[in-house]
Amino acid sequence: GAVVSQHPSWVICKSGTSVKIECRSLDFQATTMFWYRQFPKQSLMLMATSNEGSKATYEQGVEKDKFLINHASLTLSTLTVTSAHPEDSSFYICSARERGRGSNQPQHFGDGTRLSIL
Amino acid sequence: AQKVTQVQTEISVVEKEDVTLDCVYETRDTTYYLFWYKQPPSGELVFLIRRNSFDEQNEISGRYSWNFQKSTSSFNFTITASQVVDSAVYFCAPYDQTGANNLFFGTGTRLTVIP
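Protein chains in written order, with the numbering used here: chain W, 6 to 123; chain X, 216 to 330.
Shown next as structure tokens:
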């Protein structure tokens with residue numbers, strides 16, 4: 006089956022640090038990847054939609070200068086949390102839509118990244 | 216735009232009991248899709264089922280079954296003979312064909328199966 010690898014799985018760092026999270030589709034090409042954020046005991050909230058070779062589309066309320074998204078290839082999207090602060094601590098999950106498959110087909114999710122900012 | 220309501224925020228059952236998780240959705244689309252995902256304590260999301268609005272047949276997969284009632288806009292999920300490994304948060308997620316063109320997650324139901 007289609008596998009999405011997300012790295013790192015856990016990050017603890019000091020306030021002010023920038024953190025990069027990678028999302029890779031291992032055995033398929035992904036034209037579209039999604040980035041979600043999930044606070045404890047809450048649902049997944051879509052942050053942005055990332056299309057290969059173009060700028061990401063951010064959801065309302067998500068600062069694009071704060072959360073930099075790059076989708077330079079069909080197998081890799083990255084999310085960089087710039088100058089992270091404690092309020093950015095959350096669980097970040099990516100998902101990928103397989104190239105050539107309809108947009109209503111199941112997305113493939115990574116295992117998530119737990120980000121803790123001290 | 217979609218809206219989804221998962222009435223139960225938390226449910227606890229004793230192992231081997233049956234449990235039903237409710238999902239009520241709102242949509243203006245005539246054609247739509249509904250998903251259920253499982254999120255165990257480790258955090259990853261596991262796809263369980265995708266159902267399109269044309270198919271109102273109930274579906275059974277092992278101990279899992281889904282009851283889709285278009286007339287009441289419900290897509291309920293039942294686990295039969297629950298096991299401890301079923302403990303997780305379960306999300307009902309309509310597919311949003313407008314705007315984000317993406318999944319829209321409900322608030323989730325946290326299921327705890329007590330041994």
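Just so it is clear, CB atoms sit at the ideal spot from N, CA and C, and this is done for glycine as well.
Secondary structure remark: continuous beta strand (DSSP E) runs of at least 3 residues inside the stretch 221-309 of chain X, in chain order: 225-229, 234-236, 239-241, 248-254, 261-267, 274-276, 279-284, 289-294.
Close partners of P111 (chain W) in chain X (Cβ separation under 8 angstroms): F250, F262, R265. Here D311 (chain X) carries a strand assignment [DSSP, helix/strand/coil]. Taking a contact to require three or more Cβ pairs closer than 8 angstroms, the stretch 88-100 of chain W and the stretch 113-121 of chain W qualify as touching. The beta-carbon of Y305 (chain X) is placed no less than 8 angstroms from the nearest beta-carbon of chain W. When Cβ-Cβ separations below 8 angstroms define contact, F320 (chain X) makes contact with chain W. Sixteen is the threshold: when 16 or more other Cβ atoms of the shown chains lie within 10 Å of the Cβ of T37 (chain W), as they do, the residue is buried.
In this chain, the beta strand (DSSP E) harbouring T85 (chain W) covers 81-86.
Ranking X:P256, X:F250, X:S276 by CA distance to the CA of N267 (chain X) puts X:F250 first.
Here F319 (chain X) is near V219 (chain X), since their CB atoms are less than 8 angstroms apart. DSSP, read as helix, strand or coil, puts E92 (chain W) in helix. Distance check between T327 (chain X) and each of X:Q221, X:V299, X:S280, X:G258 places X:V299 closest, using alpha-carbon atoms only. The Cβ-Cβ distance between D237 (chain X) and Q223 (chain X) falls below 8 angstroms.
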